[in-house]
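Undergrad: This is the structure, below, for whatever I ask next.
Here you go:
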């Protein structure tokens, strides 16, 4: 086990997979100098500019070319810089990558990894701060990964590169410097297996990406008050670990979903609806979602902070669920 | 210009030209059968015939090897057949039946046969251009001796992927030939009314990709220029071919095309590429009876394909759940 940052964990995953498989290559803007956040630092030196390839500012072509290159036997890692910019390539991702295998009757597969960093990033405002993971979970054919720890950033990215399906891989920009233990060796994290962040009997808190850390902080506070939260990190939104969530809520009888993204039509709604459908009889309180209001992200810090889901808010919501007298 | 005057009678390779004539007849008769089936509601959804444009598909694809790659548009039957796809499997695909090229999941607009290097027709105009650039990129990365031909219509030049894909091919020096089939219409609108500047070839040249312009209704001319462009592209110089042609039907088989005068269409039928090549062959001494027999054989083949497709069973409904994805497969209860 070594302590590694989230950004370095991803860099290691790319390097290790590129050493393992000569058909893996990465393409995107500014990769030659290491990527906009430094996720590819040093990789061009090792693998050359053909395999760590700079690209024109041309998101549509970066993604479309990756689809063509994947259909003809290579395994591209596509760098979109910000998930916001990937919107310039939505046709290529949603109409082409996600559907090619199906609409061509299984004649082809599209093994691409689309890295789309998400999340509020201080004063980056409305076009560099979105969390749009729910959009992609809605699209048949796509896998959606949202790692919250360095270990998962590495293990899930390795899984994504090996996967024959197109994977939307959403790292959180605020997590780049986060350090954590990363297992030694060739460790791959399976998609669709949630991580238990901490165990508790009173309330289930489901989250993913950076909001996991907010939920964990809240759980520590709650624990001091005698309320034990079962905190689940989904790790991937498609597939998602429905079984782990249902098992937890069967025990606690209470569900709180915590997400950074806009709450309306977010993935929390899917989790909440699934639990409500399956466990109506055992719920001790109505399911509850916490997320951002349906407004764009502001530039000014106080306005930006206004939409942020805080640990205090999570603790308050959980407290409310637990103390609510229900039936 | 009357039919048959535009191909040069000298230096004709008669056997090659006869094969091209036969292939053009097969494409024509395939689409005629498909239009009939569409009218009869046996083929559902939209089909986009390429009647009148067969010389481009045949002239270009005749210079490709089986391993070479093409990508096509929503008007892709001709390209697919010319690349060597099985006509019956294609017809079954149009009928949505088992044994179709895409198992009945794609239909006409997503016709594809990866076994012959046909990587798909695309329902989104210009979307195939970026994908084609990527296929050529992979060829270069793997050091393969292959080339990509990307077909698109004149309407595609007004979408971003046209600019982005051509730029990409130029930047990375990819083995690709972009073939713009200019039939004058972007769906039902005259393209020139919606296009600023000098048109497809001028735009390609502005990106530094040398463009050639050819009479797309003259299969000999297309064959000749395509051969040289494909060889240049194979060596890593992306090239562009503007093939001027005309769509003798409407945008879809259900489009009576009232936006153009009947006289215009009648005049264009005089430049039918199949009649043109037939006349050239007759002038070169081929017996008309032989050519008529070839055309009738194509017609019989496609009538048979129509009948067989009509009698073919639907795909098993369980297949609706297949080929979505491996991870999070919708057939798995766990998800």
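Protein chains in written order, with UniProt numbering: chain A, 1 to 327; chain B, 1 to 335. Glycine included, each C-beta is placed from N, C-alpha and C at the ideal position.
Quick one, which of A/89, A/72, A/29, A/65 has its alpha-carbon nearest residue 52 of chain A's?
TA: Here residue 52 of chain A corresponds to residue number 52 of the first chain, with the count starting at 1. Among A/89, A/72, A/29, A/65, the Cα nearest to that of residue 52 of chain A is on A/29.
Undergrad: For a test of the three-state rule: what should DSSP assign to residue 71 of chain A, helix, strand or coil?
TA: To locate residue 71 of chain A, count along the first chain from 1; it is residue 71. Looking at residue 71 of chain A - three-state DSSP - the assignment turns out to be helix.
Undergrad: Look up residue 150 of chain B in the DSSP assignment and say whether it is helix, strand or coil.
TA: What you label residue 150 of chain B is simply residue 150 of the second chain in a count that begins at 1. It is a strand residue.
Undergrad: Just checking: is the beta-carbon of residue 108 of chain A within a distance shorter than 8 Å of some beta-carbon in chain B?
TA: By 1-based counting over the first chain, the position of residue 108 of chain A is 108. Residue 108 of chain A counts as touching chain B.
Undergrad: Just curious, the alpha helix (DSSP H) that residue 241 of chain A is in, first and last residue?
TA: Translated into positions along the first chain, residue 241 of chain A becomes position 241. Looking at the DSSP string, residue 241 of chain A is not in any alpha helix (DSSP H), and its letter there is neither H nor E.
Undergrad: Using 8 Å as the cut-off, can you tell me whether the region 171-186 of chain A makes contact with the region 250-258 of chain A, which would need three or more C-beta pairs spanning the two stretches below that distance?
TA: no
Undergrad: DSSP puts residue 172 of chain A in a beta bridge; with which residues?
TA: Walking along the first chain from the start, residue 172 of chain A turns up at place 172. Looking at the DSSP output, residue 172 of chain A bridges to A/118.
Undergrad: Residues in the region 208-224 of chain A with C-beta within 7 Å of chain B's C-beta atoms, listed in sequence order?
TA: none
Undergrad: Any beta carbon from chain B within less than 8 Å of residue 102 of chain A's own beta carbon?
TA: As a first step, residue 102 of chain A must be located in the first chain, where it is residue number 102. Yes - at least one Cβ of chain B is within 8 Å of the one on residue 102 of chain A.
Undergrad: Since residue 181 of chain B is in the beta strand (DSSP E), which residue starts that stretch and which ends it?
TA: Numbered from 1 along the second chain, position 181 holds the residue referred to as residue 181 of chain B. Membership of residue 181 of chain B in the beta strand (DSSP E) is indicated by the continuous run 176-182.
Undergrad: Look at the Cβ atom of residue 64 of chain A, then the Cβ atom of residue 96 of chain A, and state whether they are nearer than 8 Å.
TA: Against the first chain, residue 64 of chain A aligns to sequence position 64. Against the first chain, residue 96 of chain A aligns to sequence position 96. Contact flag set, yes.
Undergrad: Interface residues of chain B around residue 268 of chain A at Cβ under 7 Å?
TA: By one-based count along the first chain, residue 268 of chain A stands at place 268. Neighbours of residue 268 of chain A on chain B: none; closest Cβ ~18 Å, over 7 Å.
Undergrad: Kindly indicate which three-state DSSP category residue 4 of chain B falls into: helix, strand or coil?
TA: To locate residue 4 of chain B, count along the second chain from 1; it is residue 4. Confidence at residue 4 of chain B is low in this model, with a pLDDT of 46, below 50, so the placement of that residue should be treated as unreliable; the coordinate-derived value is given next. Note: residue 4 of chain B maps to coil in three-state DSSP.
Undergrad: In whole angstroms, what separates the C-alpha of residue 167 of chain B from that of residue 159 of chain B?
TA: For the purposes of this step, residue 167 of chain B is identified with residue 167 of the second chain, where counting begins at 1. For the purposes of this step, residue 159 of chain B is identified with residue 159 of the second chain, where counting begins at 1. In a straight line, the C-alpha of residue 167 of chain B is about 13 Å away from that of residue 159 of chain B.
Undergrad: Just mark residue 6 of chain A as buried or exposed, buried being the case when its beta carbon has 16 or more other beta carbons within 10 Å.
TA: Taking the first residue of the first chain as 1, we reach residue 6 of chain A at position 6. When all chains shown are included, residue 6 of chain A counts as buried.
Undergrad: Classify residue 114 of chain B as buried or exposed, calling it buried when 16 or more other Cβ atoms lie within 10 Å of its own Cβ.
TA: For the purposes of this step, residue 114 of chain B is taken as the residue at position 114 of the second chain. Label assigned to residue 114 of chain B: buried.
Undergrad: Please report whether the beta-carbon of residue 69 of chain B lies at a distance below 8 Å from any beta-carbon of chain A.
TA: Numbered from its first residue, the second chain carries residue 69 of chain B at position 69. True, the Cβ-Cβ gap to chain A drops below 8 Å.
Undergrad: Using a Cβ-Cβ cutoff of less than 7 Å, which residues in the same chain neighbour residue 32 of chain A once the five nearest sequence positions on both sides are dropped?
TA: Numbered from 1 along the first chain, position 32 holds the residue referred to as residue 32 of chain A. Excluding positions up to five away in sequence, the list reads 44, 49, 52, 54.
Undergrad: Could you tell me whether the region 241-250 of chain B touches the region 183-190 of chain B, using the rule of 3 or more Cβ pairs below 8 Å?
TA: yes
Undergrad: Between the region 94-108 of chain A and the region 204-217 of chain A, do three or more beta carbon pairs fall short of 8 Å?
TA: no
Undergrad: Who are the neighbours of residue 48 of chain A on chain B, taking C-beta pairs under 8 Å?
TA: In the first chain, the residue the question calls residue 48 of chain A occupies position 48. Under the 8 Å cutoff, chain B gives no residues; its nearest Cβ is about 11 Å from residue 48 of chain A.
Undergrad: Note down, in chain order, every chain A residue with its Cβ under 9 Å from the Cβ of residue 105 of chain B.
TA: For the purposes of this step, residue 105 of chain B is taken as residue 105 along the second chain, with counting starting at 1. Chain A residues near residue 105 of chain B: 102, 103, 104, 105, 106.
Undergrad: Taking only runs that begin and end inside the region 164-228 of chain A, name each unbroken beta strand (DSSP E) of 3 or more residues, in chain order.
TA: 167-169, 179-182, 195-198, 203-207
Undergrad: Specify the secondary structure class of residue 294 of chain B as computed by DSSP and reduced to three states.
TA: Counting from one through the second chain, the residue named residue 294 of chain B turns up at place 294. Reduced to three states, the DSSP call for residue 294 of chain B is helix.
Undergrad: What number of angstroms, rounded off, separates the C-alpha of residue 311 of chain A from the C-alpha of residue 289 of chain A?
TA: On the first chain, position 311 is the one that residue 311 of chain A refers to. On the first chain, position 289 is the one that residue 289 of chain A refers to. Those two C-alpha atoms are separated by around 14 Å.
Undergrad: Tell whether a beta-carbon distance below 8 Å holds between residue 278 of chain B and residue 291 of chain B.
TA: As a position in the second chain, residue 278 of chain B is number 278, starting the count at 1. As a position in the second chain, residue 291 of chain B is number 291, starting the count at 1. In this structure, residue 278 of chain B lies near residue 291 of chain B, with their beta-carbon atoms less than 8 Å apart.
Undergrad: Please state the DSSP three-state secondary structure of residue 190 of chain B.
TA: Position 190 of the second chain, counted from the first residue, corresponds to residue 190 of chain B. It is a strand residue.
Undergrad: Are any of the Cβ atoms in chain A nearer than 8 Å to that of residue 137 of chain B?
TA: On the second chain, residue 137 of chain B is found 137 positions in, with the first residue counted as 1. With 8 Å as the cut-off, residue 137 of chain B counts as an interface residue toward chain A.
Undergrad: Any idea if residue 331 of chain A is buried or exposed, counting beta-carbon neighbours within 10 angstroms, 16 or more meaning buried?
TA: Nothing in the structure corresponds to residue 331 of chain A, since chain A is present only between 1 and 327.
Undergrad: Could you tell me the boundaries of the alpha helix (DSSP H) in which residue 101 of chain A lies?
TA: The sequence position of residue 101 of chain A within the first chain is 101, counting from 1. Here the alpha helix (DSSP H) through residue 101 of chain A covers 100-103.
Undergrad: Might you give, ordered along the chain, the residues of its own chain that have their beta carbon closer than 6 Å to the beta carbon of residue 48 of chain B, omitting 5 neighbours on each side?
TA: Against the second chain, residue 48 of chain B aligns to sequence position 48. Cβ neighbours of residue 48 of chain B beyond the five flanking positions: 74, 75, 252.
Undergrad: My output table needs one value for residue 267 of chain A: the three-state DSSP class, helix, strand or coil.
TA: As a position in the first chain, residue 267 of chain A is number 267, starting the count at 1. Reduced to three states, the DSSP call for residue 267 of chain A is helix.
Undergrad: Tell me which residues share the same chain as residue 99 of chain B and place their Cβ nearer than 7 Å to its Cβ, disregarding the 5 neighbours each side in the sequence.
TA: As a position in the second chain, residue 99 of chain B is number 99, starting the count at 1. Result list for residue 99 of chain B: 89, 92, 312, in chain order.
Undergrad: In terms of residues, what are the limits of the alpha helix (DSSP H) holding residue 227 of chain B?
TA: Taking the second chain and counting its residues from 1, one reaches residue 227 of chain B at position 227. Where residue 227 of chain B is concerned, the enclosing alpha helix (DSSP H) stretches over 219-234.
Undergrad: To the nearest angstrom, how far is it from the Cα of residue 19 of chain B to the Cα of residue 126 of chain B?
TA: Taking the second chain and counting its residues from 1, the one referred to as residue 19 of chain B is at position 19. Taking the second chain and counting its residues from 1, the one referred to as residue 126 of chain B is at position 126. Approximately 31 Å between the Cα atoms of the pair.
Undergrad: Using 8 Å for Cβ pairs, my map puts residue 121 of chain B next to residue 50 of chain B. What's the rounded Cβ distance?
TA: Mapped onto the second chain, residue 121 of chain B falls at position 121. Mapped onto the second chain, residue 50 of chain B falls at position 50. Not really, about 11 Å apart at Cβ, beyond 8 Å.
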